[in-house]
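At position 245 of the sequence shown the residue is numbered 245 (my numbering), and the sequence of numbers has no breaks.
What follows is one structure encoded as structure tokens, with my remarks underneath.
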Amino acid sequence: MSKVNVLLIGGGGREHALADALARSPRLARLYTTHPQNPGLAALAQPVDVPVHIREIYRLAQFCRHHDIGLVVIGPEGPLAEGYADRLGAEGITVFGPTADAARLEADKVWCKQLLRGASIPTADARVVTDAEAARQFFETRVHDDSAFALLAQRLLPIRDPARRRHVFMAAVRLGIAALDRAAHHAADLTTVKDSGVFRFPAGDSAPFLLEAKALATAWRAPRPDLPVIKAAGLAAGKGVIVPASLHEAFDAVDRLMVQKTLGDAARQVLIEDRLDGTEVSLLAIVDGQNILVLPPCQDHKRLLDGDAGPNTGGMGAICPADTLDEPTMARAVRDILVPTVDALRRDGIRYRGVLYAGLMLTPAGPKVLEYNCRFGDPECQPLMARLRSDPIDLMLAACAGRLADADVHWSPDAACCVVLATHGYPASPRTGDAIRGLDHAAALPHVKVYHAGTARDADGRIVTAGGRVLGVTATAPTLADARRRAYDACACITFPGMHYRKDIGAPR
Numbered sequence: 001m002s003k004v005n006v007l008l009i010g011g012g013g014r015e016h017a018l019a020d021a022l023a024r025s026p027r028l029a030r031l032y033t034t035h036p037q038n039p040g041l042a043a044l045a046q047p048v049d050v051p052v053h054i055r056e057i058y059r060l061a062q063f064c065r066h067h068d069i070g071l072v073v074i075g076p077e078g079p080l081a082e083g084y085a086d087r088l089g090a091e092g093i094t095v096f097g098p099t100a101d102a103a104r105l106e107a108d109k110v111w112c113k114q115l116l117r118g119a120s121i122p123t124a125d126a127r128v129v130t131d132a133e134a135a136r137q138f139f140e141t142r143v144h145d146d147s148a149f150a151l152l153a154q155r156l157l158p159i160r161d162p163a164r165r166r167h168v169f170m171a172a173v174r175l176g177i178a179a180l181d182r183a184a185h186h187a188a189d190l191t192t193v194k195d196s197g198v199f200r201f202p203a204g205d206s207a208p209f210l211l212e213a214k215a216l217a218t219a220w221r222a223p224r225p226d227l228p229v230i231k232a233a234g235l236a237a238g239k240g241v242i243v244p245a246s247l248h249e250a251f252d253a254v255d256r257l258m259v260q261k262t263l264g265d266a267a268r269q270v271l272i273e274d275r276l277d278g279t280e281v282s283l284l285a286i287v288d289g290q291n292i293l294v295l296p297p298c299q300d301h302k303r304l305l306d307g308d309a310g311p312n313t314g315g316m317g318a319i320c321p322a323d324t325l326d327e328p329t330m331a332r333a334v335r336d337i338l339v340p341t342v343d344a345l346r347r348d349g350i351r352y353r354g355v356l357y358a359g360l361m362l363t364p365a366g367p368k369v370l371e372y373n374c375r376f377g378d379p380e381c382q383p384l385m386a387r388l389r390s391d392p393i394d395l396m397l398a399a400c401a402g403r404l405a406d407a408d409v410h411w412s413p414d415a416a417c418c419v420v421l422a423t424h425g426y427p428a429s430p431r432t433g434d435a436i437r438g439l440d441h442a443a444a445l446p447h448v449k450v451y452h453a454g455t456a457r458d459a460d461g462r463i464v465t466a467g468g469r470v471l472g473v474t475a476t477a478p479t480l481a482d483a484r485r486r487a488y489d490a491c492a493c494i495t496f497p498g499m500h501y502r503k504d505i506g507a508p509r
């Protein structure tokens, strides 16, 4: 059995879980990490002593040659989209991870949607917008049957300039909100509406208009479960998907993505996608260009708060296996989704090698693609690696060599539950630098692993928060209920200021 030196690129909880699995391999000679500032990775791997940047990728290639690296494992989506696998592979280095062309499945949602449609792979209908006004107008058409909006739209028709029309519309909405909330309105809004010339105000009395404005504001804030989903087309670290509950939330999301540009170029194009109803599940596979090795299904919990409330995040926890995906449905997903995706890529001259992660919605009409990721999910990787009993080096090398058909994979029969501990302000503005206590106590519990994600050591050597998602507390047990209990018992051992976590990861639904 030949020994292999492995370089792991990436520094989050996913990479700590991968490092932990790699460290268990009897084939591992030496493990190197590009992110030794993560205390979890630093405990398992030696640091890379060269810059890690695509513009200086030649230096990383030199490091691989000088240290006889037999396998490079790329964890995050960013380096994959930037072409790390292409550049290192061109130097004769074995890389587990897809090329930049293949990684467009995740990095370019518009391109991915076109590929899915071309291959007749089930997914939601979507349209692409490149400016905020087009997005707003589309959402307004979805509420055209609302009498308040219909009346206002009719009143605004004489205003030909779109920007002016939008200005008057928003002023009327704000006046209505102020009236509903019994708050003082802005004089400028009332002036804007009066000067528009499309509303009639009795001398000294604006009450008739305010009745209409209240109706408009009520419609503006009313729950609308059928509104489409808003998706930034580019990479957004799990924060580019907004599921608006009202027209107000939809307009706010459009403003943040396309006017304020909070995600930068990731939202240069935006998909407005029909909402799918059903249960979400994560189906991951290892692909060698042709053969597909399906991994146990996982279930991620993307919303910040219990009960799937609050904004989307990178993931607040995951379980494996997910019993929501039964064997017949999984076989259908492989047949109708994974296989035709790999085939479509191959027809386009792209041989996909690495992890292929399909985010699926199990609808009454069958599984449909919500999104594709081109790497292990984070946090799905944590429960997967906690259950893996096969040698990950063997699996990854088999994928790189196109030999997955000969590979065998074994999993623990136990269930696994990962609970993410997040810091105050996540996901909008996470606070960092707070000392974390209780890590040793939690890690000492049986069948528990504490994976470091957003952590670092301060000048005094203390482990402190260094990101929004701080730790992935993962436990295994013969039943999911017991795995949950063990994970939450471990969470109770850990403290840091502003610590937040969901209490319903893996709970019965």
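All C-beta atoms, glycine included, are put in the ideal place defined by N, C-alpha and C.
Check whether alanine 344 and alanine 178 have beta carbons under 8 Å apart: No, Cβ-Cβ distance for alanine 344 and alanine 178 is not below 8 Å.
So, is serine 552 buried or exposed, given that buried needs 16 or more other C-beta atoms within 10 angstroms? The requested residue 552 is not part of the displayed model; the chain covers only 1 to 509.
Is it the case that the Cβ atoms of proline 446 and cysteine 417 are separated by a distance below 8 Å? With contacts defined by Cβ atoms closer than 8 Å, proline 446 and cysteine 417 do not form a contacting pair.
Is the separation between the beta-carbon of leucine 211 and that of alanine 172 shorter than 8 Å? Result no, Cβ atoms of leucine 211 and alanine 172 do not sit closer than 8 Å.
For lysine 231, the first and last residue of its enclosing beta strand (DSSP E): That run of the beta strand (DSSP E) goes 229 to 232.
For a test of the three-state rule: what should DSSP assign to phenylalanine 169, helix, strand or coil? Looking at phenylalanine 169 - three-state DSSP - the assignment turns out to be helix.
For the beta strand (DSSP E) that contains glycine 354, what are its first and last residues? Here the beta strand (DSSP E) through glycine 354 covers 353 to 363.
For arginine 27, name the three-state secondary structure that DSSP assigns. When secondary structure is reduced to three states using DSSP, arginine 27 falls in the coil class, being assigned neither helix nor strand.
Spatial neighbours of arginine 547 in its chain, beta-carbon cut-off 6 Å, leaving aside the 5 residues before and after: With the chain covering only 1 through 509, there is no way to say anything about residue 547.
Please state if the CB of proline 379 and the CB of lysine 239 are separated by a distance shorter than 8 Å. No. Outside cutoff.
Straight-line CA distance for arginine 24 to leucine 18? When only Cα atoms are considered, arginine 24 and leucine 18 end up about 10 Å apart.
Are the CB atoms of valine 287 and tyrosine 352 nearer to each other than 8 Å? Contact check for valine 287 against tyrosine 352 passes: the beta carbons are separated by less than 8 Å.
Would you report the Cα separation of aspartate 125 and methionine 385, rounded to the nearest angstrom? Put simply, the backbone Cα of aspartate 125 is about 34 Å away from that of methionine 385.
Are the segment 461 to 477 and the segment 391 to 408 in contact at 8 Å, needing three or more beta carbon pairs? The count of Cβ pairs closer than 8 Å, one atom from the segment 461 to 477 and one from the segment 391 to 408, stays below three, leaving the stretches out of contact.
Among Leu304, Leu305, Asn291 and Pro413, nearest to glycine 354 - alpha-carbon criterion: With distances taken between Cα atoms, glycine 354 lies closest to Asn291.
Collapsed DSSP secondary structure at leucine 389 in the structure displayed: Note on residue identity: the sequence assigns arginine, not leucine, to residue 389. Coil at arginine 389, not helix or strand.
With H, G and I counted as helix, E and B as strand and the rest as coil, what does DSSP make of glycine 382? Note that residue 382 is glutamine in the sequence shown here, rather than glycine. Here glutamine 382 carries a helix assignment [DSSP, helix/strand/coil].
Let me check understanding here. Comparing Cα to Cα, which of Arg375, Ser147, Asp434 and Asp108 lies closest to arginine 498? The question names arginine, yet the displayed sequence has glycine at residue 498. Selected option, being the one with the closest Cα: Asp434.
With DSSP collapsed to three states, give me the class of arginine 457. Here arginine 457 sits in strand by DSSP.
Collapsed DSSP secondary structure at proline 508 in the structure displayed: Coil, per DSSP.
Indicate whether the contact test is met: 3 or more Cβ pairs, each with one atom in the segment 246 to 256 and one in the segment 216 to 232, closer than 8 Å. Enough Cβ pairs lie closer than 8 Å, so yes.
Per DSSP, what kind of secondary structure is alanine 103 in: helix, strand or coil? In the structure shown, alanine 103 sits in coil (DSSP, three-state: anything other than H, G, I, E or B).
Here's the rule: buried if 16 or more other CB atoms are within 10 angstroms of the residue's CB, otherwise exposed. What is serine 147? The residue is exposed, with fewer than 16 neighbouring Cβ atoms inside 10 Å.
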